[in-house]
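Trainee:
In the UniProt record's numbering, the protein residues as written are 1 to 220.
1) Taking DSSP as the reference, what is the three-state secondary structure of residue 66?
2) Where do the N-terminal and C-terminal ends of the alpha helix (DSSP H) with residue 99 fall, by residue?
3) Rounded to whole angstroms, what's the CA-CA distance from residue 26 to residue 52? Just pull it up for me.
4) What do you get for residue 87, buried or exposed, if any count of 16 or more other CB atoms within 10 angstroms of its CB means buried?
5) Could you give the distance in angstroms between the alpha-carbon of residue 44 and the alpha-carbon of residue 123?
6) Taking C-alpha atoms, which residue in 104, 95, 135, 102 lies nearest to residue 127?
7) Whole angstroms is fine: what's the gap from residue 41's alpha carbon to residue 29's?
8) Please confirm whether residue 74 and residue 107 have their CB atoms less than 8 Å apart.
9) Quick one: Cα of residue 54 to Cα of residue 103, how far?
10) How should residue 33 be labelled, buried or exposed, when 16 other C-beta atoms within 10 angstroms of its C-beta is the threshold for buried?
11) By Cβ distance, which residues of its chain are closer than 6 Å to residue 77, with the 5 residues on each side in sequence left out?
12) Could you check whether residue 38 and residue 66 sit closer than 8 Å to each other, using their CB atoms as the reference points?
13) Does DSSP classify residue 78 as helix, strand or coil?
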């Protein structure tokens, strides 16, 4: 697959421009769903600040963010993440990952496939929320190391209140747009999640010029 990544570029269209412009409070990456390993074609400033990586360092790495996995990252969860991408599904996970400086952080990760007019998945939108504060305190004792970290944490799902805080509110009587479920899961307004439409290429700042029209993974 040495030559499989040449010509990778993020699609330039209203969808990308809108999501970049209106997502100041969201930490996210966009992955190309048409290329093996779903390479990152865009990461916003929030994700870079959260992870400690510069944008140039994450471009073309897998949008599963496996480069942030480490010793205490749960292998069962990483396999579920991989299968979510493989099956073009929408899902969310709690997962222990590592910043660039190798500081462990608990993230609530949400993955959503973006489809074009032909209902073909062309992008993955992955958002990240730091939920470390909702976990039990870490014993910062060098003699014990980070082995205590996993044992001292408790599942976020044990606290319904916390989960409710992380879920967006849907008001009664709201007109339900056909993309409202995607918008709700991503905590982004439904007006910035239109159906993906290919348009004349432009070059918004910080978005590399690659294409999603490459041969889908798994085809001959």
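Built from N, CA and C at the ideal position, the CB exists for glycine as well. This structure is a prediction, so every number in the text was calculated from the model and none was measured.
Mentor: Taking the definition as stated:
1) helix
2) Counting along the chain, residue 99 falls outside any alpha helix (DSSP H), and DSSP gives it neither H nor E.
3) 15 Å
4) exposed
5) 15 Å
6) From the listed residues 104, 95, 135, 102, the smallest Cα separation to residue 127 is found for 95.
7) Just so you know, the alpha carbons of residue 41 and residue 29 end up roughly 8 Å apart.
8) Result no, Cβ atoms of residue 74 and residue 107 do not sit closer than 8 Å.
9) 16 Å
10) buried
11) 93, 95
12) no
13) helix
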